[in-house]
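Visitor:
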Amino acid sequence: MPSPIPSSDAASLEALRASVLSTRGGAVDDSIPQLAVVRPTGETAAAGDSAHAFSIQSAVKPFVFALALADTGGDALDAVGIEPTGEAFDALELEAGTGRPPNPMVNAGALLTANLVAGDSCDERTARIVAGLGAFAGRTLDYDREVSESEQLLGDRNHALAHLMRSEGTLHETADDAVAVYARACSVLVDAEALAVMGATLAFGGRNPVTGEQVVDARVARDVVSVMATCGVYDGSGRWMRAVGVPAKSSVSGAIVLSAPNRLGAAVFSPPLDEQGTSVRGADLARRLSDEHDLHSFGFRR
Numbered sequence: 044m045p046s047p048i049p050s051s052d053a054a055s056l057e058a059l060r061a062s063v064l065s066t067r068g069g070a071v072d073d074s075i076p077q078l079a080v081v082r083p084t085g086e087t088a089a090a091g092d093s094a095h096a097f098s099i100q101s102a103v104k105p106f107v108f109a110l111a112l113a114d115t116g117g118d119a120l121d122a123v124g125i126e127p128t129g130e131a132f133d134a135l136e137l138e139a140g141t142g143r144p145p146n147p148m149v150n151a152g153a154l155l156t157a158n159l160v161a162g163d164s165c166d167e168r169t170a171r172i173v174a175g176l177g178a179f180a181g182r183t184l185d186y187d188r189e190v191s192e193s194e195q196l197l198g199d200r201n202h203a204l205a206h207l208m209r210s211e212g213t214l215h216e217t218a219d220d221a222v223a224v225y226a227r228a229c230s231v232l233v234d235a236e237a238l239a240v241m242g243a244t245l246a247f248g249g250r251n252p253v254t255g256e257q258v259v260d261a262r263v264a265r266d267v268v269s270v271m272a273t274c275g276v277y278d279g280s281g282r283w284m285r286a287v288g289v290p291a292k293s294s295v296s297g298a299i300v301l302s303a304p305n306r307l308g309a310a311v312f313s314p315p316l317d318e319q320g321t322s323v324r325g326a327d328l329a330r331r332l333s334d335e336h337d338l339h340s341f342g343f344r345r
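So in the numbering used here, spot 124 of the sequence shown is number 167, and the numbers just go up one at a time.
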């Protein structure tokens, strides 16, 4: 978790992890068979088994949005809305009058933005996304073929969303190709440390604090983090920002990535989820981390 927190405070981060181990509740997502077998360990980015690999799932959405903005020169903002929605993340609904997805953090928006990245084919767009995510993480990444294939086969609502956007003239790729690209993006393998660096890259204006690479322009990072703040935890985004106050993106894998602008990036991984699809222990730990280090965007520094 690249941050201004001194390395000597590692013990306090371990204490944070230990403090949420007794938290109960939630259920491991079973919509994708490979996710249902994950053992709910409550491990975090800076303590426990932070090298445990998992598929990024919905936590990929801010980074795919960033790549789409970068590759289209900002035109992706014309193709997708940025307003919160009270609907489910996979709701079969587009903006009235425009046919656009409501925002890039729901499935319709991520399906679209994944297919706005540079590339003339499904494989080329996939390669661009995997390489781009690797730049955010500061390491080479790859995607899990088995998870990707499961998502393509079982993602009926994503196929329906793709067909709906094609009928509105919003999506120009075939539904099968669009879902394939998005499924591959969601199945990219990361661990808590890699995801924390990805969050930090957005938090520090698109510059990877580990490698020093300017992955995306600072304005792109600003736009992405803004939408994370309002839409990143779906229908729980308002409650999240009140309680935690750090822009974040949740994931059905049990991961949460946080980007505290100019402060730090963090990642939490614990599979049992609440009704909004957010890690129960992860949310608890994020709140405690925010409180302990005065990270709340609207708080008053002590």
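Where is the CB? At the ideal position from N, CA and C, for every residue including glycine.
1. Bridge partners for F97 per DSSP, in chain order?
2. Buried or exposed for R168, going by 16 or more other Cβ atoms inside 10 Å?
3. Which residue or residues does DSSP assign as beta-bridge partners of G320?
4. Per DSSP, S293 forms a beta bridge with which residues?
5. Residues bridged to R250 by DSSP?
6. By the 10 Å Cβ neighbour count, where 16 or more other Cβ atoms means buried, how is R324 classified, buried or exposed?
7. For N251, count neighbouring C-beta atoms within 10 Å of its own C-beta (all shown protein chains included) and say buried if the count is 16 or more, exposed if not.
8. Can you tell me whether DSSP reads L307 as helix, strand or coil?
9. I need the straight-line Cα distance from H336 to M208, nearest angstrom please.
10. Which residue marks the beginning of the alpha helix (DSSP H) containing S280, and which one marks its end?
11. Are the CB atoms of P127 and S280 within a distance shorter than 8 angstroms?
12. When you compare only the Cα positions, how much space is there between G298 and R188?
13. Taking only beta-carbon atoms, is M208 less than 8 angstroms away from chain B?
14. Taking its Cβ as the centre, do 16 or more other Cβ atoms sit within 10 Å of F97, making it buried, or is it exposed?
15. Going by C-alpha to C-alpha distance, which of S296, S294, V295, V276 sits closest to G288?
16. Whether or not the region 133-152 and the region 172-183 are in contact is what I'm after, with contact meaning three or more pairs of Cβ atoms, one per stretch, closer than 8 angstroms; do they touch?
17. Might you give, ordered along the chain, the residues of its own chain that have their beta carbon closer than 7 angstroms to the beta carbon of V263, omitting 5 neighbours on each side?
18. Within its chain, find whatever has a CB closer than 6 angstroms to the CB of R171; leave out the 5 residues flanking it on each side and keep chain order.
19. Assign L8 to buried or exposed, taking buried as 16 or more other Cβ atoms, counted over all protein chains shown, within 10 Å of its Cβ.
20. Tell me Y186's beta-bridge partners as DSSP assigns them.
21. Is the beta carbon of D334 within less than 7 angstroms of some heavy atom of the ligand FAD?
22. What separation, rounded to the nearest whole angstrom, lies between the Cα atoms of D199 and V222?
23. Using beta-carbon positions only, say whether G308 and T244 come within less than 8 angstroms of one another.
Guide: Inspection of the coordinates gives the following:
1. The residue given as residue 97 occupies position 54 in the sequence shown. According to DSSP, F97 bridges with V233.
2. Walking along the sequence shown from the start, residue 168 turns up at place 125. Counting Cβ neighbours within 10 Å, R168 comes out buried, since at least 16 surround it.
3. Position 277 of the sequence shown, counted from the start, is the residue given in the question as residue 320. DSSP lists no partner for G320.
4. Here residue 293 is taken as the residue at index 250 of the sequence shown, counted from 1. Bridge partners of S293: I299.
5. Working through the sequence shown from its first residue, we reach residue 250 at position 207. Paired residue(s): Q257.
6. Sequence index remark: in the sequence shown, residue 324 carries index 281 (1-based). R324 comes out buried.
7. The residue you call residue 251 lines up with position 208 of the sequence shown. That one is buried.
8. Residue numbering aside, residue 307 sits at position 264 when the sequence shown is read from its first letter. Strand.
9. On the sequence shown, residue 336 is found 293 positions in, with the first residue counted as 1. On the sequence shown, residue 208 is found 165 positions in, with the first residue counted as 1. H336 and M208: Cα-Cα distance of roughly 43 angstroms.
10. Position 237 of the sequence shown holds residue 280. Its alpha helix (DSSP H) spans residues 280-286.
11. The residue given as residue 280 occupies position 237 in the sequence shown. The residue given as residue 127 occupies position 84 in the sequence shown. Their beta carbons are under 8 angstroms apart, which means S280 touches P127 by this criterion.
12. The residue you call residue 298 lines up with position 255 of the sequence shown. The residue you call residue 188 lines up with position 145 of the sequence shown. Per the sequence shown, the amino acid found at residue 298 is Ala instead of Gly. So the two alpha carbons sit approximately 20 angstroms from each other.
13. Absent from the structure is chain B; it holds one protein chain and no more.
14. Here residue 97 corresponds to residue number 54 of the sequence shown, with the count starting at 1. The residue in question, F97, is buried, as its Cβ has 16 or more Cβ neighbours within 10 Å.
15. Reading the sequence shown from its first residue, position 245 is the one you call residue 288. Of S296, S294, V295, V276, the residue nearest in Cα terms is V276.
16. no
17. Residue numbering aside, residue 263 sits at position 220 when the sequence shown is read from its first letter. Once the five neighbours on either side are set aside, the close Cβ partners of V263 are A109, L112, A113, G249.
18. Here the question's residue 171 lines up with position 128 in the sequence shown. For R171, where only same-chain residues beyond five positions count, the Cβ hits under 6 angstroms are V160, A161, G162.
19. The question about residue 8 has no answer, for the chain in this structure spans 44 to 345.
20. Your numbering for residue 186 matches position 143 in the sequence shown. For Y186, which the question treats as bridged, DSSP gives the partners V231.
21. The ligand FAD is not part of the structure shown, which contains no ligands of any sort.
22. Working through the sequence shown from its first residue, we reach residue 199 at position 156. Working through the sequence shown from its first residue, we reach residue 222 at position 179. D199 and V222: Cα-Cα distance of roughly 10 angstroms.
23. Counting from 1 along the sequence shown, the entry for residue 308 is found at position 265. Counting from 1 along the sequence shown, the entry for residue 244 is found at position 201. In contact: G308 and T244 (Cβ atoms closer than 8 angstroms).
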